[in-house]
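S.K.: Respectively, the protein sequence lines represent chains A and B.
So for the first sequence, my numbering puts the first residue at 275; every next one is plus one.
So for the second sequence, my numbering puts the first residue at 182; every next one is plus one.
Just so it is clear, CB atoms sit at the ideal spot from N, CA and C, and this is done for glycine as well.
Since we're looking at a predicted model, the values are computed, not measured.
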Amino acid sequence: MSKASDAILLVDDDAAVRHALKFSLEMEGFDVRLYPTPEALLAEHDLPADGCLVIDYRMPDIDGLELVERLRSRGVTLPVFLISGRVTRSLRARASSLGIEDVLEKPLSDLAASIRPVLDARP
Amino acid sequence: MSDTSIALALEAAEARLRSILQTVPDAMIIIDERGRIESLSTTAERLFGYDADEACGRNVSLLMPSPYREQHDAYIERYLKTGERRIIGIGRIVVGQRKDGTTFPMHLTVGELRTGERHHFTGFIRDLTDQQLTEDRLKELQSEVTHMSRFTALGEMASTLAHEINQPLTAISNYLRGSRRLLERMEGENVEMLRDAVSKAADQALRAGQIIRRLREFVARGESERRIESLPKLIEDASTLALVGAREHGIAVTFRLDPAADLVLADRIQIQQVLVNLMRNAIDVMSEGGAVRRLDIATATGLEDQVEVTVADTGSGLAPEVARQLFQPFVTTKRKGMGLGLSICRTIVEAHGGKIWVNSPPEGGTIFHFTLRAAAHDRENEDG
Ligand SMILES: Nc1ncnc2c1ncn2[C@@H]1O[C@H](COP(=O)(O)OP(=O)(O)OP(=O)(O)O)[C@@H](O)[C@H]1O
Ligand SMILES: [Mg+2]
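Structural data, given as structure tokens:
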């Protein structure tokens with residue numbers, strides 16, 4: 275089972291999406307932290323050792339893939355789920371070359387079901 | 182024949198050639214077997230900016246940019262040695278260079294003339310940036326690309342719409358999902374009915390999501406057809422279209438095409454649209470003002486199997502209010518603009534597995550870059 279301490283860090287520039295995902299994930303028992311921009315996440319100093327990242331692909335300034343690249347170069351190894359309104363094969367290919375767990379297409383009727391097995395697999 | 186009659190015949194022949202060279206509407210250049218210019222037509226003088234006196238006796242490589250300039254002598258030598266025809270009698274689009282250093286795409290046909298042991302070559306040149314370009318060719322290119330660009334614009338709008346609607350749908354279906362979880366823990370006489378209603382509402386949100394997906398698949402149908410294409414040819418065709426009227430605005434165009442960046446895997450018409458959109462934007466901004474008006478199109482081989490294309494202008498740079506969202510649809514500073522050009526560019530380039538970005542050099546102007554996959558190394562057929 276996923277532990278209560280498993281934090282999900284969620285970055286999406288759309289406020290309604292952000293809050294709705296927090297609500298549904300909390301109802302599934304996860305602890306969720308929200309970031310309205312990639313910069314806000316990059317400014318975060320104490321990233322948890324466990325948990326995962328849920329990152330929107332299409333955001334102004336820095337897109338989701340670029341954000342993942344920057345996090346990786348800082349040594350952040352948390353599993354990442356990329357979410358997007360449009361998932362193409364080339365997006366999938368680029369995501370998997372960055373070691374992203376999965377690319378999920380909105381409207382995301384059951385995000386928890388995708389996340390849970392990955393968190394459970396971690397010791 | 183006596184010596185005098187030979188001399189007279191020669192003189193007459195030369196006078197005929199001179200008059201031909203003065204009146205022939207094409208740019209025409211005659212060179213000898215060592216590449217030296219023997220004579221050129223008045224149109225060629227005008228096209229390249231050299232007087233006949235200046236040009237005659239010099240190597241014809243003068244009229245082409247690097248790296249062709251350095252290679253030309255070897256081309257002639259190889260032909261004389263092997264007789265293998267690469268351009269003679271075939272005709273090709275190549276790049277020419279004017280006296281002022283600017284370059285331009287041109288169509289070159291080469292003929293061969295033999296007198297005894299000696300070879301001469303005649304080149305006929307058509308300037309492809311010029312208005313004189315055959316109307317038919319222009320119309321053909323134009324109808325292909327504008328027809329496609331209307332279709333692409335429609336697709337871009339549908340896909341933007343799909344994306345925008347997906348956001349509130351994501352919020353709706355996740356609020357409903359959370360609510361259902363919450364209701365599972367509650368008891369009371371109305372809870373059962375509420376649970377049922379919330380489930381049904383969630384199903385409807387998913388149904389709306391599926392409609393959106395279908396709409397997008399519909400506009401994406403048969404969208405791209407990738408083949409091995411010559412990048413210089415794509416650029417030349419696109420410039421032919423985009424540069425109509427560029428001369429009138431006093432815009433000088435240079436091409437710096439790396440011969441190593443040759444074959445790419447691309448949907449010809451889509452990549453032409455990208456190039457046309459970028460060049461039109463550059464022309465739009467430079468037509469508004471500025472002392473130096475220079476459009477520079479360059480190619481280079483990049484990392485791994487990528488080639489990079491850059492379109493640089495010396496315009497006024499990006500307006501701060503659009504700079505952040507440049508590639509988003511409906512972002513425009515133009516009265517008649519739709520703001521779709523760059524978002525279409527991004528959709529196409531990304532569907533080709535490439536990247537597009539912009540930078541603003543300190544000396545002013547704007548440089549757009551995009552990458553494509555080189556065909557030689559490409560094995561897999563990935564798609565958008
Ligand atoms: N080379 C450039 N220099 C300066 N600004 C540019 C340049 N290219 C684009 N822009 C800015 O970006 C905006 C968006 O460009 P885009 O091509 O997407 O739309 P548009 O040209 O306004 O309209 P459309 O292409 O749909 O006719 C432009 O309105 C302009 O403000
Ligand atoms: Mg435009």
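Among all the DSSP beta bridges, which residues are the ones paired with Asp494 of chain B?
M.R.: Locating residue 494 of chain B in the second sequence gives position 313, counting from the first residue. Beta-bridge pairing links Asp494 of chain B to B:Thr547.
S.K.: By how many angstroms is the C-alpha of Val539 of chain B removed from the C-alpha of Leu342 of chain B?
M.R.: Position 161 of the second sequence, counted from the first residue, corresponds to residue 342 of chain B. Position 358 of the second sequence, counted from the first residue, corresponds to residue 539 of chain B. Straight-line Cα distance between these residues: approximately 25 Å.
S.K.: Quick one: grab the DSSP three-state call for Gln312 of chain B.
M.R.: By 1-based counting over the second sequence, the position of residue 312 of chain B is 131. Low confidence applies here, because Gln312 of chain B scores a pLDDT of 49, under 50, leaving its location unreliable; read the following figure in that light. DSSP places Gln312 of chain B in coil when its eight states are reduced to three.
S.K.: Excluding the 5 residues preceding and the 5 following Val445 of chain B in the sequence, name in chain order all residues of the same chain whose CB lies nearer than 7 Å to its CB.
M.R.: In the second sequence, counting from the first residue as 1, residue 445 of chain B sits at position 264. Correct list, in chain order: Glu410, Leu412, Val488, Leu553, Arg554, Ala555, Ala556.
S.K.: Whose C-beta lies closer than 7 Å to the C-beta of Arg295 of chain B among residues of the same chain, with five residues either side of it excluded?
M.R.: In the second sequence, the residue the question calls residue 295 of chain B occupies position 114. Nothing listed; no residue qualifies.
S.K.: Around the C-beta of Leu393 of chain A, are 16 or more other C-beta atoms found within 10 angstroms, so that it is buried, or is it exposed?
M.R.: The count along the first sequence starts at 1 and reaches residue 393 of chain A at position 119. Leu393 of chain A should be labelled buried.
S.K.: Could you have a look at Asp281 of chain B and say whether DSSP puts it in helix, strand or coil?
M.R.: For the purposes of this step, residue 281 of chain B is identified with residue 100 of the second sequence, where counting begins at 1. Coil, per DSSP.
S.K.: Sorry if obvious, but does the Cβ on Ala339 of chain B come closer than 7 Å to a heavy atom of ligand 1?
M.R.: The count along the second sequence starts at 1 and reaches residue 339 of chain B at position 158. Incorrect: Ala339 of chain B has no Cβ contact closer than 7 Å to ligand 1.
S.K.: Below 7 Å CB to CB, which residues in the same chain sit around Ser541 of chain B once its five sequence neighbours on both sides are set aside?
M.R.: If you number the second sequence from 1, residue 541 of chain B lands on position 360. Cβ neighbours of Ser541 of chain B beyond the five flanking positions: Gly498, Leu499, Thr547.
S.K.: Looking at chain B, is there any beta carbon in it that lies within less than 8 Å of the beta carbon of Phe297 of chain A?
M.R.: Within the first sequence, the letter at position 23 stands for residue 297 of chain A. Yes, its Cβ sits closer than 8 Å to a Cβ of chain B.
S.K.: Assuming Ile452 of chain B and His430 of chain B make a contact with CB atoms under 8 Å, what is their CB distance in whole Å?
M.R.: Along the second sequence, one-based indexing puts residue 452 of chain B at 271. Along the second sequence, one-based indexing puts residue 430 of chain B at 249. Contact flag wrong, Cβ pair sits at about 25 Å.
S.K.: Taking only beta-carbon atoms, is Thr362 of chain A less than 8 Å away from chain B?
M.R.: Residue numbering aside, residue 362 of chain A sits at position 88 when the first sequence is read from its first letter. For Thr362 of chain A, the answer is yes, since a Cβ of chain B falls inside 8 Å of its Cβ.
S.K.: Can you check DSSP and say which residues form a bridge with Arg217 of chain B?
M.R.: Position 36 of the second sequence, counted from the start, is the residue given in the question as residue 217 of chain B. For Arg217 of chain B, which the question treats as bridged, DSSP gives the partners B:Asn240.
S.K.: Under 7 Å between beta-carbons, which chain B residues line up against Val398 of chain A? List them in chain order, please.
M.R.: The question about residue 398 of chain A has no answer here: the residues shown for chain A are numbered 275 through 397.
S.K.: Give the residues of chain B in contact with Met301 of chain A, contact being defined as C-beta atoms less than 7 Å apart.
M.R.: Sequence index remark: in the first sequence, residue 301 of chain A carries index 27 (1-based). In chain order: Gly359, Arg362, Leu363.
S.K.: May I ask you to report which of helix, strand or coil DSSP gives Ser411 of chain B?
M.R.: For this step, residue 411 of chain B is matched to residue 230 along the second sequence. Strand at Ser411 of chain B.
S.K.: Say the cut is 7 Å; is the CB of Lys280 of chain B nearer than that to a heavy atom of ligand 1?
M.R.: Your numbering for residue 280 of chain B matches position 99 in the second sequence. Answer for Lys280 of chain B: no, Cβ out of range of ligand 1.
S.K.: What three-state label does DSSP hand Glu258 of chain B in the structure shown?
M.R.: Residue mapping note: residue 258 of chain B aligns to position 77 of the second sequence, counting from 1. Reduced to three states, the DSSP call for Glu258 of chain B is helix.
S.K.: Can you give me the start and stop residues for the beta strand (DSSP E) that Leu327 of chain A sits inside?
M.R.: Sequence index remark: in the first sequence, residue 327 of chain A carries index 53 (1-based). Leu327 of chain A -> beta strand (DSSP E) spans 326-330.
S.K.: In chain B, which residues lie less than 7 Å from Ala261 of chain A when you measure between Cβ atoms?
M.R.: In the structure as shown, chain A starts at 275 and stops at 397, and residue 261 of chain A therefore has no counterpart that could be examined.
S.K.: In terms of residue numbering, what span does the beta strand (DSSP E) encompassing Asp477 of chain B cover?
M.R.: Within the second sequence, numbered from 1, the residue matching residue 477 of chain B stands at position 296. It spans 475-482 - the beta strand (DSSP E) in which Asp477 of chain B sits, taken as one unbroken run.
S.K.: Tell me, please, whether the CB atom of Asn355 of chain B is closer than 8 Å to any CB atom in chain A?
M.R.: Taking the first residue of the second sequence as position 1, residue 355 of chain B is located at position 174. Asn355 of chain B counts as touching chain A.
S.K.: Going by the DSSP bridge assignment, what does Met301 of chain A pair with across the sheet?
M.R.: Residue mapping note: residue 301 of chain A aligns to position 27 of the first sequence, counting from 1. Paired residues: none, contrary to the question.
S.K.: Which residues of the region 514-543 of chain B have a Cβ closer than 7 Å to any Cβ of chain A? Give them in chain order.
M.R.: Taking 7 Å as the Cβ-Cβ cut-off against chain A, the residues of the region 514-543 of chain B that qualify are Glu531, Ala532, Gly534.
S.K.: Which same chain residues, not among the five before or five after Gly535 of chain B, have their C-beta less than 8 Å away from its C-beta?
M.R.: Start at 1 with the first residue of the second sequence, and residue 535 of chain B comes out as number 354. Gln487, Phe551, Thr552, Leu553, Arg554.
S.K.: I need the straight-line Cα distance from Lys280 of chain B to Glu226 of chain B, nearest angstrom please.
M.R.: The count along the second sequence starts at 1 and reaches residue 280 of chain B at position 99. The count along the second sequence starts at 1 and reaches residue 226 of chain B at position 45. The straight-line gap from Cα to Cα measures roughly 10 Å.
S.K.: With DSSP as the reference, identify every bridge partner of Gln487 of chain B, one or two as the case may be.
M.R.: Residue numbering aside, residue 487 of chain B sits at position 306 when the second sequence is read from its first letter. Paired residues: B:Arg554.
S.K.: If the cut is a Cβ gap below 7 Å, which residues of chain B does Ala294 of chain A touch?
M.R.: In the first sequence, residue 294 of chain A corresponds to position 20, counting from 1. Under the 7 Å cutoff, chain B gives Thr351, Ala352, Asn355, Tyr356.
S.K.: Whole angstroms are fine: how far does the CA of Asp418 of chain B sit from the CA of Asp308 of chain B?
M.R.: Position 127 of the second sequence, counting from 1, holds the residue named residue 308 of chain B. Position 237 of the second sequence, counting from 1, holds the residue named residue 418 of chain B. Taking the straight line from one Cα to the other gives about 12 Å.
S.K.: What's the C-alpha gap between Glu561 of chain B and Val530 of chain B?
M.R.: Within the second sequence, the letter at position 380 stands for residue 561 of chain B. Within the second sequence, the letter at position 349 stands for residue 530 of chain B. In this predicted model, Glu561 of chain B has a pLDDT of only 43, less than 50, meaning its place in the structure is not dependable; the value taken from the coordinates is given anyway. So the two alpha carbons sit approximately 17 Å from each other.
S.K.: So which residues put a beta carbon under 5 Å from any heavy atom of ligand 2, going in chain order?
M.R.: Per the Cβ criterion, the list is B:Asn462, B:Gly522.
S.K.: Quick check on DSSP: helix, strand or coil for Arg461 of chain B?
M.R.: Locating residue 461 of chain B in the second sequence gives position 280, counting from the first residue. Of the three classes helix, strand and coil, the one that applies to Arg461 of chain B here is helix, per DSSP.
S.K.: Starting from Glu502 of chain B, trace the alpha helix (DSSP H) in both directions and tell me its first and last residue.
M.R.: As a working mapping, residue 502 of chain B is identified with position 321 in the second sequence. Here the alpha helix (DSSP H) through Glu502 of chain B covers 501-504.
S.K.: Just verifying my parser: in three-state terms, what is the DSSP assignment at Ala281 of chain A?
M.R.: For this step, residue 281 of chain A is matched to residue 7 along the first sequence. Ala281 of chain A: strand per DSSP, three-state reduction.
S.K.: Taking the alpha carbon of Met467 of chain B as the reference point, which residue from B:Arg437, B:Gly496, B:Asp477, B:His253 has its own alpha carbon closest?
M.R.: In the second sequence, the residue the question calls residue 467 of chain B occupies position 286. Taking only the C-alpha atoms, the option nearest Met467 of chain B is B:Gly496.
S.K.: Along chain A, which residues have their Cβ under 7 Å away from the Cβ of Ser340 of chain B?
M.R.: Residue mapping note: residue 340 of chain B aligns to position 159 of the second sequence, counting from 1. Near Ser340 of chain B (Cβ distances below 7 Å), the residues of chain A are Arg360.
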